[in-house]
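Trainee: Mapping of the sequence shown onto the numbering used here: residues 10 to 233, in sequence order.
For every residue, glycine included, the Cβ atom is placed at its ideal position computed from N, Cα and C.
None of the values given here were measured: they were computed from a predicted structure.
Below is the structure I would like to discuss, written out as structure tokens.
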Amino acid sequence: MMTIKENFEIIKSQLPENVRLVAVSKFHPVSSIEILYQQNQRVFGESKVQELVSKYEILPKDIEWHFIGHLQSNKIKYIAPFISLIHGVDSFKLLSDINKSGEKIDRVINCLLQIHIAQEETKFGFSFDELDDLLQKYDLKKSLTHVRICGLMGMASYTEDVNQVRKEFKLLADYYKKVKKTFFLKDAYFCELSMGMSGDYQIAIEEGSTLVRIGTSIFGQRVY
Ligand SMILES: *Cc1c(COP(=O)(O)O)cnc(C)c1O
């Protein structure tokens, strides 16, 4: 059996300098997070608001917490004061609700827009067309003063077919470049492409990911 520290060291050694690791600690105990914290890992990802808040309260305050789950509007207020990045924003409604929460506490909240690239129906996200429409319709920077769009996020199909996975990441990466050029050209903050999990992060990195979200390959299987 490999330890968490050993798994972490292997993953870190595979990451190019420009790719950051989000250690996905959902369903894992605080003690596991502390092991990585001692190795200087500061970015952790959680997918449940309640779990995130209770870990935030216990753990050191220099941790950068990323929310990677499906966020419900009525729960934004619990994480708004401290969240570093919300990965999976997939509607204008959610974006404007996040903006309202940010306004109330005078904080600009970093967000990624989630694109649906997988074949499965179940995964959340905008289609390419939907996001095009949204970006053309609204000047997001002017209308949402307390949200900062930092880039895009996507999840590939859950399949053994690496060609399919690569194809999906490539589509997303091309789209990311197009959106950056068309809508965020002078915006230095729009610089993140969050793609890649335990099963597919190597491919995601080859296709241009800047943020990989890895849980199982570091912490082991989650017990739900
Ligand atoms: C759980 C989760 C991950 C991590 O998945 P692993 O396969 O354990 O690495 C990454 N991204 C999202 C959105 C998740 O919900």
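Give me, in chain order, the residues of the same chain whose beta-carbon lies closer than 6 Å to that of Gly54; leave out the 5 immediate sequence neighbours on both sides.
Mentor: Closer than 6 Å at Cβ, skipping near neighbours: Val31, Val33, His75, Ile77 and Arg222.
Trainee: So Leu161 and Leu121 are in contact, right, with Cβ under 8 Å, and what is the actual spacing, rounded?
Mentor: Leu161 to Leu121, Cβ: 6 Å. Contact.
Trainee: Assign Arg175 to one of three DSSP states: helix, strand, or coil.
Mentor: If DSSP states are grouped into helix, strand and coil, Arg175 belongs with the helices.
Trainee: Ligand 3 and Gly134: does any heavy atom of the ligand fall closer than 8 Å to the residue's C-beta?
Mentor: Summarising the ligand content, the structure contains ligand 1 and does not contain ligand 3.
Trainee: Can you grab the Cα-Cα spacing for the pair Gly224 / Pro90, in whole Å?
Mentor: So the alpha carbons of these two residues sit roughly 25 Å apart.
Trainee: Measuring straight from C-alpha to C-alpha, what distance separates Asp209 and Val174?
Mentor: Distance between the alpha carbons of Asp209 and Val174: 8 Å.
Trainee: Tell me, which residues are paired with Ser120 by DSSP?
Mentor: It is worth fixing the name first, because residue 120 is Cys in this sequence and not Ser. Paired residues: Ile95 and Ile158.
Trainee: Thinking C-alpha only, which one of Asn27, His37, Tyr46 and Leu94 is nearest Glu18?
Mentor: Among Asn27, His37, Tyr46 and Leu94, the Cα nearest to that of Glu18 is on Tyr46.
Trainee: Around the Cβ of Tyr233, are there at least 16 other Cβ atoms within 10 angstroms (buried) or fewer (exposed)?
Mentor: The residue in question, Tyr233, is exposed, as its Cβ has fewer than 16 Cβ neighbours within 10 Å.
Trainee: Measuring only between beta-carbons, confirm whether Val188 sits less than 9 Å from chain C.
Mentor: Checking the listed chains, one finds no chain C in this structure; it contains a single protein chain.
Trainee: Applying the 10 Å Cβ sphere with the 16-neighbour rule, what's the burial state of Ala197?
Mentor: It is exposed - the Cβ of Ala197 has fewer than 16 other Cβ atoms within 10 Å.
Trainee: For the putative contact between Ser226 and Ser207, defined by C-beta atoms under 8 Å, what is the C-beta separation to the nearest angstrom?
Mentor: Sure, about 4 Å apart at Cβ, within 8 Å.
Trainee: What residues in its chain sit with their C-beta under 7 Å from that of Lys179, if we drop five residues either side in the sequence?
Mentor: The answer, listed in chain order, is Glu216.
Trainee: Tell me whether Gly111 sits in a helix, a strand or coil according to DSSP, three-state version.
Mentor: Gly111 falls in the helix class under three-state DSSP.
Trainee: CA-CA distance, Leu220 and Val28?
Mentor: The alpha-carbon atoms of Leu220 and Val28 are separated by roughly 6 Å.
Trainee: Let me check you understand the geometry: is the CB of His96 closer than 8 Å to at least one non-hydrogen atom of ligand 1?
Mentor: The answer is yes for His96.
Trainee: Do you know offhand how far Gln50's Cα is from His37's?
Mentor: Taking the straight line from one Cα to the other gives about 15 Å.
Trainee: Find out if the Cβ-Cβ distance for the pair Gln23, Ile212 is shorter than 9 Å.
Mentor: Cβ distance not < 9 Å, so Gln23 and Ile212 don't count as in contact.
Trainee: Leaving out five residues before and five after Gly134 in sequence, what residues of the same chain have Cβ atoms less than 6 Å from its Cβ?
Mentor: Correct list, in chain order: Asp99, Gln123, Ile124 and His125.
Trainee: Nearest to Met164 by alpha carbon, out of Asp71, His96, Ser105 and Lys151?
Mentor: When each option's Cα is compared against that of Met164, the closest is His96.
Trainee: Residue ranges of each alpha helix (DSSP H) run of no fewer than 4 residues wholly in the segment 11 to 61, ordered along the chain?
Mentor: Entirely contained in the segment 11 to 61, the alpha helix (DSSP H) runs reaching 4 residues are, in chain order, 13 to 23 and 39 to 47.
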